[in-house]
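Residue numbers (UniProt numbering): 1 to 254. Glycine included, C-beta positions come from ideal geometry on N, C-alpha and C. Beneath this line is the structure, given in structure tokens, with notes to follow.
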Amino acid sequence: MPATDLVARRATLARSVRLLGQFRYEQTDPARFYGALAADTVTLVADLWTGVHGTAPGRRTVVDVGGGPGYFADAFSRAGLHYVGVEPDPREMHAGPAGQRGHGTFVRASGMALPFADDSVDVCLSSNVAEHVRDPWRLGNEMLRVVRPGGLVILSYTVWLGPFGGHEMGLTHYLGGARAAKRYTRKHGHRPKNDYGSSLFPVSAADGLQWAASTGAAVAVFPRYHPRWAWWTVRVPVLREFAVSNLVLVLQPS
């Protein structure tokens, strides 16, 4: 079974509309937004594992790099997976409901230097983190290092030139990241949480595809929130930078 067969079957227009509709709640109602995203992410991980191995992941260990306050922990635990969240910022780690932190293991650490041995975990996931670090492919290499042969690295990130590249700054990022951040500050009286040059960086689709190819471990690439009939946009240079709002890179170390 090809790695993305099950993912493709679920990649319907209805799913895309449902998920994209949740993005407006990211800052006003994070539990709603991250709850919906967590449920979809668990399904994504399980489908990719099944696509590669032919069996469900069972009690596999999932390390979530940049897991934040633990909204994903409950969803992964309900699915029977052992969840380990990695988060460098203590404010983010304690931002969500405290009860959710009881459903997994949480480690304060940087994704640039994961505190795990080589070849020690089954799945290493990073969801919407790469655009927030200065060297996203160092993060990717660390994820590859800790995953055992046959496991999966799933790195999903927001493409800068896509419609959501500016995060809460909206489409003003097309004016340039620094200018967009200044406009946001003038309007709201404070810097954006995802601040260009410090906590938000321009990461292209081409960068991710080039890095994945260079590892020799890539097994699949696809746009995360698109229906299956729009996945072809990943294959078209320039167009993919604007049309692929979020790119998923799937790698299997050997």
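Per DSSP, which one or two residues make a beta bridge with residue i?
i, result
"valine 123", "Val62 and Leu152"
"leucine 44", "Its beta-bridge partners do not exist; DSSP assigns none."
"phenylalanine 106", "Gly85"
"threonine 158", "Asn246"
Please classify residue i: is it buried, with 16 or more other beta-carbons within 10 angstroms of its beta-carbon, or exposed?
i, result
"glutamine 252", "buried"
"arginine 138", "exposed"
"proline 223", "buried"
"glycine 99", "The predicted position of glycine 99 is uncertain, since its pLDDT is 48 and thus under 50; no value can be drawn from it."
"glycine 66", "buried"
"arginine 24", "exposed"
"leucine 13", "exposed"
"proline 136", "buried"
"glycine 189", "exposed"
Below 8 Å CB to CB, which residues in the same chain sit around residue i once its five sequence neighbours on both sides are set aside?
i, result
"arginine 134", "Phe201"
"serine 254", "Pro149, Gly150 and Ala217"
"asparagine 246", "Asn128, Ser156, Tyr157, Thr158, Val159, Gly162, Phe164, Pro223, Arg224 and Tyr225"
"glutamine 22", "Arg32, Phe33, Ala36 and Leu37"
"proline 237", "Ala206"
If the criterion is Cβ atoms closer than 8 Å, does the pair residue i and residue j meet it?
i, j, result
"alanine 73", "glycine 85", "yes"
"serine 127", "valine 146", "no"
"tyrosine 34", "aspartate 64", "no"
"leucine 6", "aspartate 40", "no"
"valine 219", "valine 62", "no"
"residue 260", "threonine 50", "Any answer about residue 260 is impossible in this case: the structure gives the chain only from 1 up to 254."
"valine 244", "alanine 3", "no"
"histidine 159", "valine 129", "For clarity, residue 159 is valine in the given sequence; the question names histidine instead. The answer is no: Cβ separation not under 8 Å."
"residue 269", "glycine 54", "The structure shown does not extend to residue 269, since the chain is modelled only from 1 through 254, so no value can be given for it."
"leucine 114", "glutamate 142", "yes"
"glycine 111", "tryptophan 211", "no"
"arginine 240", "alanine 213", "no"
"aspartate 122", "arginine 60", "yes"
"glutamate 168", "lysine 193", "yes"
"arginine 108", "glutamate 87", "yes"
Ignore the nearest five residues each way along the sequence and tell me which others in residue i's own chain have a CB closer than 7 Å to its CB.
i, result
"glycine 166", "Thr172, His173 and Ala180"
"leucine 209", "Val221"
Does DSSP put residue i in a helix, a strand or coil?
i, result
"leucine 251", "strand"
"glycine 166", "coil"
"threonine 172", "helix"
"glycine 35", "helix"
"alanine 236", "One detail in the question is off: residue 236 reads as valine in this sequence, not alanine. Coil at valine 236, not helix or strand."
"phenylalanine 201", "coil"
"valine 219", "strand"
"tyrosine 71", "helix"
"asparagine 246", "strand"
Quick one: residues in its chain with C-beta nearer than 6 Å to the C-beta of residue i, no 5 flanking neighbours on either side, listed in chain order?
i, result
"valine 248", "Ser156, Phe222 and Arg224"
"leucine 177", "Going by the sequence as given, residue 177 is glycine instead of leucine. Excluding residues within five positions, the ones whose Cβ falls inside 6 Å are Tyr196."
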